[in-house]
Amino acid sequence: MSSPRNRALTADVCVIGAGAGGAVVAAELAEGGARVVVLEQGGEHSTDDFTARPPEMLARLYRDGGQTITLGDPPIGLPLGRGLGGTTVVNSGTCFRTPPHVLERWRSDFGLELDERSLGPCFERVERSLSVAEVAPELAGANAAVARRGAERLGWSHGYLSRNARGCVGSGVCAYGCPTGAKQHTGITYVPRARAAGATVVTGADVRSIDVRAGRARGVEARLADGARLTVEAATVVVAAGTIHTPLLLERNELGRASGQLGRNLSLHPATAAFARMDELVDMARGVPQSFYVDEFAAEGIMLEGIAGPPAYAAMALPLTGRRHAEAMASYRQLAQFGLMVSDSSRGRVRSVAGRPLIRYDLDDADVARFRSGIARLEQLFVAAGAREIFLPLPSGTRPQAARRRDLKLMAFHPLGTARADARPSHGVVDGDLALHGIEGVYVADGSVVPSALGVNPQLTIMALATRLAFHLLDREVSSDTRPGVGMPA
Amino acid sequence: MNPGFDAFVAAGPWPQRLGTRALVALARRPRGMALLRLLSPADQLGTSLVAIARYDDPAVSRPLGWDAAAVIARGRTLRSHEGRL
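Chains A and Z, in that order, are what the protein sequence lines are.
Take 1 as the starting number for the first sequence in this note's numbering and just add one per residue.
Take 491 as the starting number for the second sequence in this note's numbering and just add one per residue.
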């Protein structure tokens, strides 16, 4: 048997990871004239391969079949996308700009000079690129209508969410691969742009080492699916392997450790959801699953957002067992669901144990209190909406205000912070320009740089920061105009 | 039983795979489920795992108003007509 052929490439920039951050950096750099190589560990997902069946899509589109779990009190499911597009392939598509109070906190607590003036053009550029727009009420679905009815009766602040979707018809399976190609994930937007601009995109590339000598980046080495070794010689390396895997890659290469913050400061936006049986037909999977929000309690760190899915999803998520579960599922068409996300003060840590990520995260008392309050609000919302029966994510008979930490059934979708940005080398892994402190030529462009919980869905923040980084590397001002040739060299 | 569910279980990290298979095996049996009830929240996890397989079956999901194949077919038609990726 012949041995696999080792390969070598040369580039100006090697980008590790093609998710929300990596794909954006790669495309913007390539269109700006840089020679770019993208190394993605996962595969390429074709819309043709989506089946709208949750178990199969969890196996295909998610790392570890979507079964990543934190170790802690309580354990929290943390599904992570994998492949070209990363988690943007399987997220709800919700787009929020970084809230102004968060940017202010970044300035005061982390010395980051990021404000509306500097990030505004980045947000605009991403929003245009991804066709970000508010969900039309007729697409929001009956599940959102239930929540809206409740919110209006209670006088709670609410609205329709903005999403990166174009031509959405409400297929209801955002988390399992959009079958219409409406959701503008980076795999069908920025990755094709990168390729069209000459970037080389390699899938199945497991990056093992980042070559840094005399404090300067030299390149990257990866192992390919056939066992061959791929070396990329590049003076600039952008690490975008995601909040869980970027710190592990850096740690393995003894990079970013000086501040002691690498792998720490993990925030998750832990979340849960309640179901309700309504009189009317809801058919929750008809319409946009996450189309509506209630931000009445956002200042308390509690955000209520829609969530929904097909029967297999609902069956997995229902907090019931036995006969009650079967009865509730028999009335699936009348089931509504709404979710709650906490802007967490809890912080966790990621380490590598036996080559696998160990994610340690315990919910602190303040976040437990937020969940008690938030679950009570979900119940209030459904009562106001006229629910016949409400299924809270708690053990049977447990009232929200009496919920113990271990009673909470939680998931999380927004890991952030494990290579946090801080202007001070003693406090951060990267600086305000996302450059690794003390190393020339290594940058990070994913959720790991975000230094605090956002309280809102993070993909737009990650993409805006990645856009800013790309233009910084090109030494150009960000243009919000995405027309070909505008703002770019001839 | 359900190739998609089997793929889901197989995709899990190895430390959990054994546990998942054991849970599913128990949860599918009345006596197994009775045992899991003594180990709450294992009963919830077992219920969820068995349920995702059961309700993924088109024969079960179609009477509940959900037809995955129809959703995919509509998506394919839209993409074909509009040149979407």
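Even glycine gets a Cβ: it sits at the ideal position worked out from N, Cα and C.
No Cβ-Cβ contact shorter than 8 angstroms links A:L434 with A:L460. Buried is the label assigned to A:R148, since at least 16 other Cβ atoms lie within 10 Å of its Cβ.
Comparing alpha carbon positions, the residue from A:P393, A:L281, A:G348, A:M341 closest to Z:L554 is A:L281. Around Z:R569, the beta-carbon contacts reaching into chain A at under 9 angstroms are T47, D48, P179, T180, G181. Rounded to whole angstroms, the separation of the alpha carbons of A:E251 and A:A52 is 37 angstroms. Unbroken beta strand (DSSP E) stretches of 3 residues or longer found wholly inside the stretch 310 to 384 of chain A: 335 to 342, 349 to 353, 356 to 360, given in chain order. Of the residues assessed, A:V232 falls on the buried side of the cut-off, its CB having 16 or more other CB atoms within 10 angstroms. Counting only runs of 3 or more residues that sit fully inside the stretch 264 to 292 of chain A, the beta strand (DSSP E) segments are 270 to 277, in chain order.
Of all residues in the stretch 274 to 287 of chain A, the ones placed with a Cβ closer than 7 angstroms to any Cβ belonging to chain Z are D283, A285, in chain order. Residue burial annotation: A:P393 is buried, with at least 16 other C-beta atoms found within 10 angstroms of its C-beta. Burial state of A:L335 is buried, judged by a 10 Å Cβ sphere holding 16 or more other Cβ atoms. When DSSP states are grouped into helix, strand and coil, A:E127 belongs to the helix group. Under a criterion of Cβ atoms nearer than 9 angstroms, the residues of chain A adjacent to Z:R574 are, in order, T47, R166, G167, T180, G181, A182, I188. At a cut-off of 8 angstroms between C-beta atoms, Z:G509 does not count as an interface residue with respect to chain A. The beta-carbon separation of A:G17 and A:G86, rounded to 7 angstroms, stays under the 8 angstroms limit for a contact. A:V90 sits close to A:Y62, with the two beta carbons spaced by under 8 angstroms. The three-state reading of DSSP puts A:D431 in coil, since its state is none of H, G, I, E or B. DSSP places A:H158 within a strand segment (E or B) once states are collapsed to three.
Taking one beta carbon from each stretch, the stretch 285 to 292 of chain A and the stretch 512 to 531 of chain Z have fewer than 3 pairs nearer than 8 angstroms; the two do not touch. Look at the beta carbons and you see the stretch 216 to 228 of chain A not touching the stretch 167 to 187 of chain A: under three pairs across the two are nearer than 8 angstroms. Taken through DSSP and simplified to helix, strand or coil, A:I390 comes out as strand. Residue environment analysis places A:S448 among the buried positions, since at least 16 neighbouring C-beta atoms fall within 10 angstroms of its C-beta. Between A:T87 and chain Z, the shortest Cβ-Cβ separation is not below 8 angstroms.
Think of a sphere of 9 angstroms around the beta carbon of Z:V514: no beta carbon from chain A falls inside it, the nearest being about 12 angstroms out.
When rounded, the separation of the alpha-carbon atoms in A:F96 and A:V456 is 6 angstroms. The Cβ neighbour count for A:P179, taken over all protein chains shown within 10 Å, is at least 16; the residue is labelled buried.
For A:T321, at least one C-beta of chain Z is nearer than 8 angstroms to its own C-beta.
For Z:D546, the CB contacts under 7 angstroms within the same chain, skipping 5 residues up- and downstream, are N492, G494, F495 in chain order. Judged by their CB atoms, A:N265 and A:G417 are nearer to each other than the 8 angstroms cut-off. At least one CB atom of chain Z sits nearer than 8 angstroms to the CB of A:P55. Cβ atoms of A:W106 and A:P451 come within 8 angstroms of each other, at about 6 angstroms.
When secondary structure is reduced to three states using DSSP, A:N91 falls in the coil class, being assigned neither helix nor strand. A:Q290 places its beta carbon less than 8 angstroms from that of A:G306. Taking a Cβ-Cβ cut-off of 7 angstroms, the neighbours of A:Y332 in chain Z comprise L554, given in sequence order.
Three or more beta-carbon pairs separated by less than 8 angstroms link the stretch 436 to 445 of chain A to the stretch 234 to 253 of chain A, which places the two stretches in contact. Counting along the chain, the unbroken alpha helix (DSSP H) around Z:Y545 starts and ends at 532 to 546.
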